[in-house]
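Here is the structure we will look at, set down as structure tokens.
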Amino acid sequence: MKLFNILNDKGRDIVALDPRMDLQEAARILDSKRIGAAVAVNASGKLVGMLSERDIVRLIAEKGADALQLTVADVMTRNVITASPDTSIEDGLERMTDRRIRHLPVMEGDKLVGIVSIGDLVKQKISVAEAEAEAMKQYIVAG
């Protein structure tokens, strides 16, 4: 199974942050959308970074509440790890585990087409395992 299958199931909605936005507004958006991370895109829609709740919490722990006045651009990860729609779920999980990330933007060339979370990938792996177990159970019962 590929990442495009997950995007087709869950949708391709993308929450994007303006890199000039302050962290307090970014935190409000993450909270209101109930998500743990969002991409930062420039005025032309190009992916320029990624910001997570962890990034914000770590900065507040280090600098205090004044950190919320910094911009997304000041804090975001700039070298974003991405995948293509044709990336397998296994390769996506491996990439996320190796890099210790929980969200993976999916790109078709230079175009951002969706974001998958580690939860999305694990959920799909569990669904496949459950379906295989059920098929094996039916095979055994029928045999």
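To convert, take the position in the sequence shown, counting from 1, and add 32; that gives the numbering used here.
C-beta: ideal position from N, C-alpha, C; glycine also.
- Pairing Arg131 with Ile147 gives a Cβ-Cβ distance that is not under 8 angstroms.
- Under DSSP, Glu140 shares a beta bridge with Lys143.
- If you look at Met82, you'll find it in the beta strand (DSSP E) that goes Leu79 to Ser84.
- Where Val160 is concerned, the enclosing alpha helix (DSSP H) starts and stops at Ile150 to Ala174.
- Ala48 has Val71 as its beta-bridge partners, per DSSP.
- Scanning its chain for C-beta atoms nearer than 6 angstroms, with the 5 sequence neighbours on each side dropped, one finds around Leu102 the residues Leu55, in chain order.
- Below 8 angstroms, too few C-beta pairs join the stretch 44-51 and the stretch 88-98 to call them touching: fewer than three.
- In this structure, the CA atom of Leu49 is about 36 angstroms from the CA atom of Ala161.
- Note: Lys42 is not bridge-paired with any residue in the DSSP secondary-structure output.
- Pairing Leu153 with Ile133 gives a Cβ-Cβ distance that is not under 8 angstroms.
- DSSP places Lys34 outside any alpha helix (DSSP H), giving it a letter other than H or E.
- By the C-beta density criterion, Met33 is exposed, having fewer than 16 other C-beta atoms within 10 angstroms.
- Nearest to Ile150 by C-alpha distance, out of Lys169, Arg127, Tyr171 and Glu140, is Arg127.
- Assigned with DSSP and collapsed to three states, Asp130 falls in helix.
- Nearest to Leu39 by alpha-carbon distance, out of Glu140, Gly77, Asp106 and Met108, is Glu140.
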